[in-house]
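Report on the following structure.
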Amino acid sequence: MPSDRVDPHLFVIVGGTGDLTRRKLLPALHRLGAQGLLDGNYAILGVSRDTELDDDRFREWARDGLETGGAHLRSWCDDRLYHIGVRGDEASYRALAARIAEIEQRHELPGNRVIYLALPPAAFPGTITALGGAKLNRSDGWTRLVIEKPFGRDLASAQKLNAVAHQYFDERQLYRIDHYLGKETVQNLLVFRFANAMFESLWNRDRVANVQISVAENLGVEDRAGYYDRVGALRDMVQNHLTQLLSLIGMEVPVSYDAEAVRYEKVKLLRSIAPVEPHDVVFGQYTEGNINGAPVVGYRHEPDVPNDTNTETFVALRLQIDTWRWQGVPFYIRTGKRMESRLTQIAVTFRQPPVCLFDSLGGCPMNPNVLILTIQPDEGFALCIDVKTPGEPFALQTLPLRFQYREAFGDIPDAYQTLLLDVLNGDQTLFVHADEAEAAWRLYTPLLERSADVHPYAAGTWGPTLADDLITRDGYRWYGPIRVSA
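According to this note's numbering, the sequence shown is numbered sequentially starting from 4.
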């Protein structure tokens, strides 16, 4: 478990002038420092291919990207930020090692290092090898390597990347980051289940009829078309984000709340999922439509997208977990771009009472209780229950019992802020283990290798009609947004 005190350290960002660094990493580190969580003695080194960029211009670039202004920000950048350009050859990485030693000496740092790979996935193997060749995989203190998603593009590539990483770094040094796991609402899934006996006692095949996980975006591919068209929704969202949510919802109770125990149960859950049959998956691609009343173009007409591409922008799956707890309970997951609204939501539908007590009163249909866990936006949960409406005739109405995070706690910390602090504290609980990454790819790689139709859906809808058929054939329906705020 992490210490209350963050060790003095050097935070090295390889890809130090990229969009992720400017939008997420530097703001998160600045906030952690401003809140006094980094204990004062640390420095940040940006590494990029720009060999003309010096410390002063890097600091100015960083200041422009940070939201906070004033003398405090200027002092923080001048005192903490450094830059070095590397070309990727052995000499450059030897120079990087020398610059790291020089900064550590200047700040009297003991050799504790985080090396964050804020790079395109194709650059991971070569960069890891170069770091190892320059002996930057070891130091006088601790060294931790953070690898952004996606970790591989199929099972074979994930296994190869794991082999390269393990050639130079121990598993305890590796932090495969998925920012979804840093969201407070995602972490709360474990608390919700395991700290509230009334829900955990219902969390099984005897009480649950089905589970739905939806991650919907109303945006298109924006400026990611070059990347996205090579990847698609299955690789971009399902293999990581949705699978992480599935693991936390379906896993067994860990023996303790620590990295090893939690990750063990997640891997066990993933290995229990039955192979996905062709009739249990639907791929889609958005066409022109309307978002918030404004017309938008179809995927094939987005800038930099080939006009004949069959890359999927939507996936719906029906999964079966072959465990004692979940046998016979279908899990439905779906994700897509240009959908009706932005939503990350888990819906747990409970079984209905075996007898409708109120049929004799003129036919009052009872609806199943549904627990809605909203990850974003409008974070919180709602438990939908039946109540009697006032007056006559006798009738039932489904209404939600609500809880909203913002109302109770105010603003929620950024996910990267949470995860970077965990890296610095050496806590791997919210990071993906090698076995976990491979188990997920083992499940989804057959879908990537199988030729399948990609069905059109209009932008501003909830996906292809076949995705509705996927769930209605079992007698259920997809749940759209259910507000958790009053």
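By construction, the Cβ of each residue, glycine as well, lies at the ideal position given by its N, Cα and C atoms. All figures in this text were calculated on a predicted structure; none of them were measured in a lab.
Checklist entry - Assuming R345 and E225 make a contact with CB atoms under 8 Å, what is their CB distance in whole Å? => result Along the sequence shown, one-based indexing puts residue 345 at 342. Along the sequence shown, one-based indexing puts residue 225 at 222. Contact doesn't hold; Cβ gap of about 13 Å is too wide.
Checklist entry - Secondary structure at Q1, three-state DSSP: helix, strand or coil? => result Coverage of the chain is limited to positions 4 through 489, which leaves residue 1 absent and any answer about it impossible.
Checklist entry - Okay, do the stretch 454-464 and the stretch 275-293 touch, 3+ Cβ pairs below 8 Å being the bar? => result Verdict: yes, contact present.
Checklist entry - Taking only runs of the beta strand (DSSP E) that begin and end inside the stretch 142-175, which ones reach a length of at least 3 residues, in chain order? => result Along the stretch 142-175, the beta strand (DSSP E) occurs as fully enclosed runs of 3 or more residues at 146-150, listed in sequence order.
Checklist entry - Going by the C-beta, is A385 closer than 8 Å to any heavy atom of the ligand ZN? => result What this structure holds is no ligand at all, so the ligand ZN is not there to describe.
Checklist entry - Which first and last residues belong to the alpha helix (DSSP H) in which F127 is found? => result If you number the sequence shown from 1, residue 127 lands on position 124. Membership of F127 in the alpha helix (DSSP H) is indicated by the continuous run F127 to G136.
Checklist entry - Does the beta carbon of E225 come closer than 9 Å to any beta carbon on chain B? => result As a matter of chain content, chain B is missing from the structure shown, which is built from one protein chain.
Item to check | L320 versus L473 - alpha carbon distance | outcome: Indexing the sequence shown from 1 puts residue 320 at position 317. Indexing the sequence shown from 1 puts residue 473 at position 470. Roughly 8 Å between the two C-alpha positions.
Item to check | Distance, T246 Cα to L112 Cα | outcome: Counting from one through the sequence shown, the residue named residue 112 turns up at place 109. Counting from one through the sequence shown, the residue named residue 246 turns up at place 243. About 39 Å.
Item to check | Beta-carbon proximity of L120 to V149, cut-off 9 Å | outcome: Working through the sequence shown from its first residue, we reach residue 120 at position 117. Working through the sequence shown from its first residue, we reach residue 149 at position 146. Yes, the pair counts as a contact, with Cβ atoms nearer than the cut-off.
Checklist entry - Three-state secondary structure (DSSP) at L139? => result Looking up residue 139 in the sequence shown gives position 136. It is coil, neither helix nor strand.
Next on the checklist: DSSP three-state label for K271, please.
Outcome noted: Along the sequence shown, read from residue 1 onward, the residue named residue 271 stands at position 268. Secondary structure of K271 (DSSP, three-state): helix.
Item to check | Completely contained beta strand (DSSP E) runs for the stretch 421-465, where each covers 3 or more residues | outcome: Entirely contained in the stretch 421-465, the beta strand (DSSP E) runs reaching 3 residues are, in chain order, 457-461.
Next on the checklist: So, for A31: in the same chain, excluding its five sequence neighbours on each side, which residues have a beta-carbon less than 7 Å away from its beta-carbon?
Outcome noted: Here the question's residue 31 lines up with position 28 in the sequence shown. Contacts found: D417, Y419, Q420 and L423.
Next on the checklist: Here's the rule: buried if 16 or more other CB atoms are within 10 angstroms of the residue's CB, otherwise exposed. What is R147?
Outcome noted: Your numbering for residue 147 matches position 144 in the sequence shown. R147 is buried by the Cβ-count criterion.
Checklist entry - According to DSSP, is L473 helix, strand or coil? => result Position 470 of the sequence shown, counted from the start, is the residue given in the question as residue 473. In the structure shown, the three-state DSSP call for L473 is helix.
Item to check | Opposing strand residues paired with Y119 [DSSP bridges] | outcome: For the purposes of this step, residue 119 is identified with residue 116 of the sequence shown, where counting begins at 1. According to DSSP, Y119 bridges with I16 and V149.
Checklist entry - Could you give the residue range of the beta strand (DSSP E) that holds N293? => result Counting from 1 along the sequence shown, the entry for residue 293 is found at position 290. Its beta strand (DSSP E) spans residues G292 to I294.
Item to check | Rounded straight-line distance, which links the Cα of N115 to that of E263 | outcome: The sequence position of residue 263 within the sequence shown is 260, counting from 1. The sequence position of residue 115 within the sequence shown is 112, counting from 1. So the two alpha carbons sit approximately 23 Å from each other.
Checklist entry - Roughly how many angstroms lie between the CA atoms of R102 and V308, to the nearest whole one? => result Against the sequence shown, residue 102 aligns to sequence position 99. Against the sequence shown, residue 308 aligns to sequence position 305. Each residue's Cα considered, the two are about 41 Å apart.
Checklist entry - Out of curiosity, what's the CA-to-CA distance linking L192 and D173? => result The count along the sequence shown starts at 1 and reaches residue 192 at position 189. The count along the sequence shown starts at 1 and reaches residue 173 at position 170. It is roughly 29 Å from the alpha-carbon of L192 to the alpha-carbon of D173.
Checklist entry - Would you report the Cα separation of I216 and K391, rounded to the nearest angstrom? => result As a first step, residue 216 must be located in the sequence shown, where it is residue number 213. As a first step, residue 391 must be located in the sequence shown, where it is residue number 388. Between I216 and K391, the alpha-carbon positions lie close to 30 Å from each other.
Next on the checklist: If I follow the unbroken alpha helix (DSSP H) through H110, where does it start and stop?
Outcome noted: What you label residue 110 is simply residue 107 of the sequence shown in a count that begins at 1. Where H110 is concerned, there is no enclosing alpha helix (DSSP H), given that its DSSP letter is neither H nor E.
Next on the checklist: For a test of the three-state rule: what should DSSP assign to I415, helix, strand or coil?
Outcome noted: The count along the sequence shown starts at 1 and reaches residue 415 at position 412. It is coil, neither helix nor strand.
Checklist entry - Within the chosen definition, does the stretch 229-241 reach the stretch 299-315 through at least 3 CB pairs nearer than 8 Å? => result With the rule of 3 Cβ pairs closer than 8 Å, the stretch 229-241 counts as touching the stretch 299-315.
Checklist entry - Taking the alpha-carbon positions, what's the C387 to L376 distance? => result Numbered from 1 along the sequence shown, position 384 holds the residue referred to as residue 387. Numbered from 1 along the sequence shown, position 373 holds the residue referred to as residue 376. Their backbone Cα atoms lie some 11 Å apart in a straight line.
Item to check | Start-end ranges of the beta strand (DSSP E) lying completely within the stretch 284-347, minimum 3 residues | outcome: If only complete runs of 3 or more residues are kept, the stretch 284-347 shows the beta strand (DSSP E) at 284-290, 292-294, 297-299, 317-323 and 333-339, in order along the chain.
Checklist entry - Between the Cα of W481 and the Cα atoms of C80, A440, T352 and E452, which residue gives the shortest distance? => result As a position in the sequence shown, residue 481 is number 478, starting the count at 1. Ranking the options by Cα distance to W481, first place goes to T352.
Next on the checklist: Using a Cβ distance threshold of 8 Å, determine whether the stretch 157-175 contacts the stretch 124-137, with at least three qualifying pairs required.
Outcome noted: Touching, yes, given that three or more Cβ pairs across the two stretches are closer than 8 Å.
Next on the checklist: Here's the rule: buried if 16 or more other CB atoms are within 10 angstroms of the residue's CB, otherwise exposed. What is Q242?
Outcome noted: For the purposes of this step, residue 242 is identified with residue 239 of the sequence shown, where counting begins at 1. Classification of Q242: buried, given that the 10 Å Cβ count is 16 or more.
Checklist entry - Leaving out five residues before and five after D414 in sequence, what residues of the same chain have Cβ atoms less than 6 Å from its Cβ? => result One-based indexing of the sequence shown puts residue 414 at position 411. Correct list: empty, nothing qualifies.
Checklist entry - Around the C-beta of V9, are 16 or more other C-beta atoms found within 10 angstroms, so that it is buried, or is it exposed? => result In the sequence shown, the residue the question calls residue 9 occupies position 6. Classification of V9: buried, given that the 10 Å Cβ count is 16 or more.
Item to check | Residue interval of the beta strand (DSSP E) (run including I276) | outcome: Numbered from its first residue, the sequence shown carries residue 276 at position 273. Annotation: I276 is outside any beta strand (DSSP E) and is labelled neither H nor E by DSSP.
Checklist entry - What's the gap between the Cα of E55 and the Cα of H86? => result Indexing the sequence shown from 1 puts residue 55 at position 52. Indexing the sequence shown from 1 puts residue 86 at position 83. It is roughly 10 Å from the alpha-carbon of E55 to the alpha-carbon of H86.
Item to check | Straight-line gap, L249 to L402 (C-alpha atoms, nearest Å) | outcome: Here residue 249 corresponds to residue number 246 of the sequence shown, with the count starting at 1. Here residue 402 corresponds to residue number 399 of the sequence shown, with the count starting at 1. C-alpha separation (whole angstroms): 26 Å.
Next on the checklist: Just list the residues that DSSP pairs D389 with in beta bridges.
Outcome noted: On the sequence shown, residue 389 is found 386 positions in, with the first residue counted as 1. Under the DSSP definition of a beta bridge, D389 partners with T401.
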